[in-house]
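Step one of this worksheet: look at the structure below.
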Amino acid sequence: MPDVDRALVQGLAAAASGATTASGRRLVVLVDGRSGTGKTTLGTAVAAELGAVVVHLDDLYPGWDGLRAAADAVVTDVLGPRSGYRRWDWVASEPAEWVSVDPDVPLVVEGCGALSRASAPLASLRVWLEADDVVRRDRAIGRDGEVFALEWERWAAQERAFIAAEDPAALADVVVRT
Numbered sequence: 576m577p578d579v580d581r582a583l584v585q586g587l588a589a590a591a592s593g594a595t596t597a598s599g600r601r602l603v604v605l606v607d608g609r610s611g612t613g614k615t616t617l618g619t620a621v622a623a624e625l626g627a628v629v630v631h632l633d634d635l636y637p638g639w640d641g642l643r644a645a646a647d648a649v650v651t652d653v654l655g656p657r658s659g660y661r662r663w664d665w666v667a668s669e670p671a672e673w674v675s676v677d678p679d680v681p682l683v684v685e686g687c688g689a690l691s692r693a694s695a696p697l698a699s700l701r702v703w704l705e706a707d708d709v710v711r712r713d714r715a716i717g718r719d720g721e722v723f724a725l726e727w728e729r730w731a732a733q734e735r736a737f738i739a740a741e742d743p744a745a746l747a748d749v750v751v752r753t
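Numbering-wise (the numbering used here), the sequence shown opens with residue 576 and increments by one.
Right, here's the structure in full:
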């Protein structure tokens with residue numbers, strides 16, 4: 576998703592703001608999809624439109640086998656009373672510092688695993704992104720290089736398991752094909 580559709584971004588921001596006003600709760604947008612669908616690009620653009628903080632799940636995954644753990648941390652830590660997360664140090668392959676997130680500011684959480692049955696009720700807007708497999712792989716490898724190429728199948732297996740367990744597309748308010 577190299578170019579961001581401004582009308583899409585503005586529409587998503589308006590929908591999130593409207594839902595938050597109606598509920599009286601904190602504005603939270605969850606952007607999920609498989610690797611290479613454009614979650615970071617869209618999530619960052621929506622956050623800029625809303626003046627929101629972005630939490631990238633890439634900062635939470637505890638290694639290449641950590642999709643489920645990060646999905647759980649979205650609920651217990653990021654959107655929970657602690658309002659923050661333990662950053663993962665990919666170079667040292669170990670947990671790093673705690674990152675606090677102001678519970679009073681709008682929030683966009685983007686990444687594989689952001690949208691689950693447990694996180695969905697906590698969000699103002701839930702977005703699922705889809706793209707063809709070849710396009711996704713080309714984008715992801717183009718972005719992350721050989722490191723991700725070596726882990727593609729391992730990560731894809733976790734994505735498939737998460738989708739089978741949580742059905743995030745069915746939980747989404749909006750499904751966007753990138």
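Backbone N, C-alpha and C define an ideal beta-carbon position, used for all residues, glycine too.
Review point. How would you write the range of the beta strand (DSSP E) that Ala671 sits in, first residue to last?
Key: Glu669 to Ser675
Check your understanding: Can you tell which of Trp665, Ala627, Thr615 and Leu690 has its C-alpha closest to the C-alpha of Glu734?
Key -> Measuring C-alpha to C-alpha distances from Glu734 to each of Trp665, Ala627, Thr615 and Leu690 identifies Leu690 as the nearest.
**Study point:** Simplified DSSP assignment, three categories, for Arg712
**Key:** helix
Review point. Looking at C-beta atoms only, is the number of pairs between the region 707-724 and the region 627-636 that lie closer than 8 Å three or more?
Key: Because the criterion of three Cβ pairs below 8 Å is not met, the region 707-724 and the region 627-636 do not touch.
Exercise for review: State buried or exposed for Val684, treating a residue as buried only when at least 16 other CB atoms are found within 10 Å of its CB.
Suggested key: buried
Review point. Are there three or more Cβ pairs, one per stretch, closer than 8 Å when the region 702-714 is compared with the region 609-618?
Key: yes
Check your understanding: beta strand (DSSP E) containing Asp664: first to last residue?
Key -> Gly659 to Asp664
Practice item. Please state if the CB of Ala747 and the CB of Arg701 are separated by a distance shorter than 9 Å. Key: yes
Review point. DSSP on Trp803, reduced to helix/strand/coil?
Key: This structure gives no information on residue 803, because the portion of the chain shown stretches from 576 to 753.
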